[in-house]
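Chains as they are written, first to last, in our numbering: chain P, 15 to 284; chain U, 74 to 169.
Laid out in structure tokens, this is it:
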């Protein structure tokens, strides 16, 4: 197994894993999306709501706000010792919100949520929740808990997590006349003419769209498009709830833990 | 969801277990890892209903092998691989 070409920019990461099976890559992708826990608002006590939105509409919008998460400080409610439906300090974070529009239309933003624990706060300050007309008022308490994406998408730590096979583009130079037609039609600009010879650069950008083959006058086409079934290019985009590297690490950790837990269970069942 | 297993069928060379709390994510990985073992004759899995988190793993091994052993070996292989992935990923990203 090899991990290479790591490109990390803010909340996104792109990396290549070589020497793994498609099942492993897919298990990792599915775990990242559906099983890495994050914080999201799950209970809302609305004290006063004279806005144009229904209470449940408002609660839903609050739930979808991504919150920064501390996985070490909080536990999933089903694993928490308190066994309480309301939760305790180990499995619940609370927020209050109080906004009133006095003389002009006011937009309520995620930044108006006042967190109890400053470590658990909305990822962005400027996520609109509702607009209030003069005289309208909003007062509520919100409780966030850890959850998994498999229960509701609001607990998904990523907005995108994809993988693709590593494309391989090979050119049979003896059959290519170097006319350069394919170069201008490649949407990812991975083909290049160097001294009238067709060369390939940034092959991982290739989407296997076959435009180059389609515009080549030669038949059979000297360009061969293929892919490797044991090299995967991953692209992960965090919502900001967790650092993107932590999400991938957590997912791998969880798969391993699950396998060892099952192994223990099987030893007992034998 | 806590993991739970139930043995549905066990003969000398066959094993069918139900894993409560696991769906395609893990069962597919386990099935393909089982098939890598040359002692495994058939390995398959089924998720009977898309809304209930439950997977059924079926395994048939070649004669003179214990299906439980083959299963444990595959599970250990998965743990080894995730550990290796974690190590290499941390190295590649430079995170502590």
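Glycine included, C-beta positions come from ideal geometry on N, C-alpha and C.
With fewer than 16 other Cβ atoms inside 10 Å of its own Cβ, residue 217 (chain P) counts as exposed. Annotation for residue 33 (chain P): 15, 16, 244 place their beta carbon closer than 7 Å to its own, counting only its chain and skipping 5 residues before and after.
The beta strand (DSSP E) runs of length 3 or more contained entirely in the segment 150-222 of chain P are, from start to end of the chain, 151-161, 172-185, 205-208, 211-214.
Assignment of residue 239 (chain P) by DSSP, reduced to helix, strand and coil, places it in the strand class. Considering only P:135, P:58, P:254, the residue with the shortest C-alpha distance to residue 154 (chain P) is P:58. Within chain P, 270 have C-beta atoms less than 7 Å from the C-beta of residue 156 (chain U), given in sequence order. Apart from the 5 residues on each side of it in sequence, residue 75 (chain U) sits with its Cβ closer than 7 Å to the Cβ of 94 in its chain, given in chain order. Taken through DSSP and simplified to helix, strand or coil, residue 91 (chain P) comes out as helix. Residue 252 (chain P) carries a strand assignment under DSSP once its states are collapsed to helix, strand and coil. Secondary-structure assignment with DSSP links residue 32 (chain P) through a beta bridge to P:16, P:245. In this structure, residue 80 (chain P) lies near residue 137 (chain P), with their beta-carbon atoms less than 8 Å apart. Look at residue 128 (chain P) here: in three-state DSSP terms it is strand. The DSSP-derived three-state label of residue 79 (chain P) is coil. Per DSSP, residue 52 (chain P) is one residue of the beta strand (DSSP E) stretching across 52-63. Against chain P, the CB of residue 141 (chain U) has a partner CB under 8 Å away; the residue lies at that interface. At least one CB of chain P lies nearer than 8 Å to the CB of residue 166 (chain U). Taking a 10 Å sphere around the C-beta of residue 106 (chain P), we find 16 or more other C-beta atoms and assign the residue as buried. For residue 99 (chain P), no beta strand (DSSP E) encloses it, and the DSSP letter there is neither H nor E.
Residue 150 (chain U) and residue 225 (chain P) have their alpha carbons spaced roughly 41 Å apart.
For residue 262 (chain P), the chain U residues whose Cβ falls inside 8 Å of its Cβ are 162, in order along the chain. Under the 8 Å criterion on CB atoms, residue 102 (chain U) is classed as interfacial with respect to chain P. Close to chain P, meaning a Cβ-Cβ distance shorter than 8 Å, are the following residues of the segment 123-150 of chain U: 126, 141, 144, 145, 148, 149.
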